[in-house]
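Just so you know, the sequence shown maps onto residues 1 to 155 in the numbering used here. One structure is given below, encoded as structure tokens.
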Amino acid sequence: MLLPSHNLNAFSAGAVVAVLLACGGCVSSTTLTSPVEGLVTVNGEPAAGVSIVFHAQQEQPEIYSRPSAKTGSDGRFRLTSVSSGDGALPGRYLITLTCRVPPVESAGGLLGGGVPDSVPADQFKGRYENPQTSGFSFEVRDTNNVVPPIDLKLP
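Next comes the structure, spelled out in structure tokens:
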């Protein structure tokens with residue numbers, strides 16, 4: 001059954017208002033999170049390709065519990081929780097860092113149509129892979145956050 005046009009317009013306006021009211025509680029991840037950036041070096045030199053994970057030390061929604069990043073060629077990073085570079089929820093975090101290198105291949109490896117002979121190895125040999133023993137932590141605040149430079153050592 002077709003509604004008269006004046007009823008349809010009233011219905012449409014009511015639907016729009018209802019949707020706007022319902023979205024009043026909608027927030028994007030960037031309104032919850034705070035930007036977090038930093039620098040990772042190895043023996044004082046910028047470290048490219050290092051994976052960084054912040055492990056929340058307080059109760060948080062799963063989607064926000066482990067913000068992460070990968071360092072650029074300049075060793076710099078910006079954490080991501082949900083959308084690129086959005087940062088992390090305020091709170092305390094333990095930090096883990098790894099840097100995977102391509103696996104060694106034999107004649108039967110990738111070039112020979114096979115698979116890598118081993119999984120990529122961590123350049124740091126797991127030294128910074130455990131949040132409890134990595135030695136790095138940071139408290140994210142409500143404003144822009146800059147992690148003090150993290151200088152790693154190769155084993």
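Beta carbons are placed, not taken as given, at the ideal position from N, Cα and C, and that holds for glycine. Keep in mind the model is a prediction, meaning the values are calculated, not measured.
Run of the beta strand (DSSP E) containing Glu-37, from where it starts to where it stops
Within the sequence shown, the letter at position 37 stands for residue 37. Run containing Glu-37: 36-42, per the beta strand (DSSP E) assignment.
Determine contact between the segment 44-56 and the segment 94-101, defined as no fewer than three beta-carbon pairs at a distance below 8 angstroms.
The segment 44-56 vs the segment 94-101: in contact.
Three-way DSSP call (helix, strand, coil) for Val-128 in this model:
Within the sequence shown, numbered from 1, the residue matching residue 128 stands at position 128. Just to set this straight, residue 128 is Tyr in the shown sequence, not Val. Coil, per DSSP.
Please state whether DSSP places Leu-154 in a helix, a strand or coil.
By 1-based counting over the sequence shown, the position of residue 154 is 154. Three-state DSSP puts Leu-154 in coil, outside helix and strand.
On the criterion of 16 or more Cβ atoms from any shown chain inside 10 Å, does Val-101 qualify as buried, or is it exposed?
Within the sequence shown, the letter at position 101 stands for residue 101. By the 10 Å Cβ count, Val-101 comes out exposed.
Helix or strand or just coil, what does DSSP make of Glu-62?
Here residue 62 refers to the residue found at position 62 of the sequence shown. Glu-62 falls in the helix class under three-state DSSP.
Going by beta-carbon coordinates alone, are Gln-60 and Leu-89 separated by less than 7 angstroms?
Within the sequence shown, the letter at position 60 stands for residue 60. Within the sequence shown, the letter at position 89 stands for residue 89. Result yes, Cβ atoms of Gln-60 and Leu-89 sit closer than 7 angstroms.
According to DSSP, which residues form a beta bridge with Pro-46?
By one-based count along the sequence shown, residue 46 stands at place 46. Its beta-bridge partners are Thr-41.
Among the residues of its own chain, which have a CB less than 6 angstroms from the CB of Arg-76, if the five just before and after it don't count?
Counted from its first residue, the sequence shown places residue 76 at position 76. Short of 6 angstroms from the beta carbon of Arg-76, and not among the five residues preceding or following it, lie these beta carbons of its own chain, in chain order: Leu-39.
Straight-line gap, Ala-47 to Thr-31 (C-alpha atoms, nearest Å)
Walking along the sequence shown from the start, residue 47 turns up at place 47. Walking along the sequence shown from the start, residue 31 turns up at place 31. Their Cα atoms are separated by approximately 30 angstroms.
Less than 7 angstroms separating the beta-carbons of Gly-34 and Val-147?
Position 34 of the sequence shown, counting from 1, holds the residue named residue 34. Position 147 of the sequence shown, counting from 1, holds the residue named residue 147. In the sequence under discussion, the amino acid at residue 34 is Ser, which differs from the Gly named in the question. No, these two residues do not count as a Cβ contact at 7 angstroms.
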